[in-house]
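Asker: Count along the sequence shown from 1, add 1, and you get the number used in my numbering.
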Amino acid sequence: MRNYPKSIALIAGLASATGFAPLNLWPVTLAMLALLMALIAAAPGLRAAMARGYWFGVGHFTLGLNWIAHAFTFQDKMPWQLGYGAVAALALYLAVYPAVAAGLAWRWGGDRRSAPFLLVLAAGWIVTEWLRASLFTGFAWNPLAAVWLPLLPIARIAAWTGTYGLSGLTLIVAGGLWLLARRRWRAGAACILPVLLLGALHLSAAPLVDPARPLIRVVQPNIGQREKQDPAHERENFQRLAALSGRPGPVPRLLLWPEAAVPDYLEEDGFARWRLAGLLGPRDMLLTGGVALIGDAQGRVIGARNSLFALAPDGSLPARYDKAHLVPYGEYLPMRPILSAIGLSRLVPGDLDFWPGPGPRTIAIPGFGTVGVQICYEIIFSGAVIDPAHRPDFLFNPSNDAWFGAWGPPQHLAQARLRAIEEGIPVVRSTPTGISAVIDAQGRLLDSLPHESAGAIEARLPAAAAPTPFARLGNLLPGLLIVFLGALAVVFRRAAR
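This is the structure:
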């Protein structure tokens, strides 16, 4: 009998993950969070409360991150079955964070049928979600706030609270449902209505299209990972990219290609640059993913960088951005001497590890303004995507989501939309297999290309909005929300005595 609450928590965690893309069943997530609160509140002790939070987390992360197993099918040096073990191991680790939040609420929330319990749980969830994004290089995938994107006015609250703060408010709303289920009408309404009112403040009209804005063309060639890694497909792959890039016209265009779209080492290969420049008109520019090599004093190649290059019509490379937040086991192998000795390898084929760049950087593109670049999963880290000293006109997120199966690409897109909302800056994504998209500064999806399809988006670049409160203060805002929720819990506890 004593294991029933853990089993219920596990099932609730599995169901809660259906609120994320691609299913977007956000009411289920709210209901399962309410059930989690009931389970924690009914726990006979601290260890039992943390165990229920833990098993909820195991279910939540196992289903939500199922796409990671797909990535292992592209590395011949490791058995593909290892992917399922990786998902399970990651879920078992990440579940520690909901367990800690549950323990904080049980220990410090006072009467576990009261508002202070909910407030402490929400504050604890903000803390642990931030820790999850920070510790051990961080893994910020699928914050609770992402479930609100189907209800965009609610999601836009992140411009004031940040993603982590909105995740905390999600717990408050779910707590309101729990209170309503217990016929505590006033307390439940007090939890839900303020969030709805905040969302109502973010209702806005349809976006305006400004014909004076720069013209961009986002290319999605639908080149799968197997094709990309096979040298026999190199010419065909380039022809797809070239055909989808279209012909130059009288209006200058900024061509946007995916992460690692070019297999050539552009800084060393003049012919490759000349071939790319042939696709451009006299005032066009190309932003494309590629690889930059790192050499030592003797000229030996000792590493590489996952880079984005700006290429001009004359074949020059006026700017380069190097990915700073690398994927462990994907782009480099931690503790390589030990792990390689037992047969493990990184998911990206090759023996050279990628080296990190210095961090967010704004690049000037003549004729097209300034761009901040976040390569692949760098875009998921709230508060770490912009150089605050040089605010760009837009963010470009070249990515290779061909690794990510069916669930990963829509989840990745959702998190890019949260960055647009937080920063008040449009985000443009280009991926080889989808989902490429143009997102305005309010998080609206203006145009996109479906997963596993080839195509191009030609559009006017959306304008940036004024800096949001989050753009000005960053993750200080969810920190202040933690303090506010904690202070409110203390006030309610004292009033109840």
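Note that the Cβ used here is the ideal one computed from N, Cα and C, for glycine as well.
Is it buried or exposed for N4, if we count other Cβ within 10 angstroms and need 16 for buried?
Answerer: Numbered from its first residue, the sequence shown carries residue 4 at position 3. N4 is exposed by the Cβ-count criterion.
Asker: Within the 9 Å Cβ cut-off, does A13 reach chain D?
Answerer: Absence of chain D from the displayed structure is noted, only one protein chain being present.
Asker: Just tell me which of W404, G189, N25, R461 has its CA closest to the CA of T74.
Answerer: Numbered from 1 along the sequence shown, position 73 holds the residue referred to as residue 74. Selected option, being the one with the closest Cα: W404.
Asker: If you compare alpha carbons, which of A70, N401, S168 is closest to G125?
Answerer: Locating residue 125 in the sequence shown gives position 124, counting from the first residue. If we check each option's Cα against that of G125, S168 comes out closest.
Asker: On a Cα-Cα basis, can you pick out the residue from E228, V428, D323 that is closest to L518?
Answerer: Any question about residue 518 goes unanswered here, given that the chain covers just 2 to 498.
Asker: Just mark W186 as buried or exposed, buried being the case when its beta carbon has 16 or more other beta carbons within 10 Å.
Answerer: Position 185 of the sequence shown, counted from the start, is the residue given in the question as residue 186. So W186 counts as exposed.
Asker: Can you give me the C-alpha to C-alpha distance between D231 and F272, rounded to a whole angstrom?
Answerer: The residue given as residue 231 occupies position 230 in the sequence shown. The residue given as residue 272 occupies position 271 in the sequence shown. Near 21 Å, if we compare the C-alpha coordinates of F272 and D231.
Asker: Can you tell me which residues form a DSSP beta bridge with V439?
Answerer: Your numbering for residue 439 matches position 438 in the sequence shown. V439 is bridged to V429, D448.
Asker: If we ignore side chains and look at the alpha-carbon of each, how far apart do M2 and S8 end up?
Answerer: The residue you call residue 2 lines up with position 1 of the sequence shown. The residue you call residue 8 lines up with position 7 of the sequence shown. Since pLDDT at M2 reaches only 45, below the 50 mark, its modelled position is unreliable, and no value is offered.
Asker: Distance, Cα to Cα, I303 vs H391?
Answerer: Working through the sequence shown from its first residue, we reach residue 303 at position 302. Working through the sequence shown from its first residue, we reach residue 391 at position 390. For I303 and H391, the distance between alpha carbons rounds to 32 Å.
Asker: Go ahead and label R133 buried or exposed: buried means 16 or more other beta carbons lie within 10 angstroms of its beta carbon, across all protein chains shown.
Answerer: By 1-based counting over the sequence shown, the position of residue 133 is 132. Classification for R133: buried.
Asker: Excluding five sequence neighbours on each side, which residues of the same chain lie with their C-beta closer than 6 Å to the C-beta of W109?
Answerer: For the purposes of this step, residue 109 is taken as residue 108 along the sequence shown, with counting starting at 1. V121.
Asker: Alpha carbons only, please: which of L119, L152, V292 is nearest the one belonging to A488?
Answerer: Here the question's residue 488 lines up with position 487 in the sequence shown. The shortest C-alpha separation from A488 is found at L119.
Asker: If you draw a straight line from the alpha carbon of P433 to that of F485, how long is it in whole angstroms?
Answerer: Looking up residue 433 in the sequence shown gives position 432. Looking up residue 485 in the sequence shown gives position 484. Answer to the nearest angstrom: the Cα atoms are 44 Å apart.
Asker: Alpha carbon to alpha carbon, what distance is there between R418 and A188?
Answerer: Start at 1 with the first residue of the sequence shown, and residue 188 comes out as number 187. Start at 1 with the first residue of the sequence shown, and residue 418 comes out as number 417. Cα to Cα, the separation comes out at about 32 Å.
Asker: Determine the DSSP secondary structure at I458, reduced to helix, strand or coil.
Answerer: One-based indexing of the sequence shown puts residue 458 at position 457. Here I458 sits in strand by DSSP.
Asker: Mind checking which residues open and close the alpha helix (DSSP H) that includes R473?
Answerer: Here residue 473 is taken as the residue at index 472 of the sequence shown, counted from 1. Run containing R473: 470-474, per the alpha helix (DSSP H) assignment.
Asker: What do you reckon, are the CB atoms on A43 and A10 nearer than 9 Å?
Answerer: In the sequence shown, counting from the first residue as 1, residue 43 sits at position 42. In the sequence shown, counting from the first residue as 1, residue 10 sits at position 9. Going by C-beta atoms, A43 is not nearer than 9 Å to A10.
Asker: With DSSP as the reference, label L348 as helix, strand or coil.
Answerer: One-based indexing of the sequence shown puts residue 348 at position 347. With a pLDDT of 49 at L348, under the threshold of 50, the predicted position of this residue should be treated as unreliable, though the coordinate-derived value follows. Reduced to three states, the DSSP call for L348 is coil.
Asker: Hey, L267 and F310 are a contact pair by Cβ (cut 8 Å); roughly how many whole angstroms apart?
Answerer: Mapped onto the sequence shown, residue 267 falls at position 266. Mapped onto the sequence shown, residue 310 falls at position 309. Their Cβ separation, rounded to whole angstroms, is 5 Å, which keeps L267 and F310 in contact under 8 Å.
Asker: Could you pull out every residue in the same chain whose Cβ sits closer than 7 Å to the Cβ of T164, ignoring the five residues on either side in sequence?
Answerer: Position 163 of the sequence shown, counted from the first residue, corresponds to residue 164. Result list for T164: P144, A146, S383, L419, E423, in chain order.
Asker: Can you have a look at P359 and say buried or exposed, based on whether 16 or more other CB atoms are within 10 angstroms of its CB?
Answerer: Taking the first residue of the sequence shown as position 1, residue 359 is located at position 358. By the neighbour-count rule (16 or more Cβ atoms within 10 Å), P359 is not buried but exposed.
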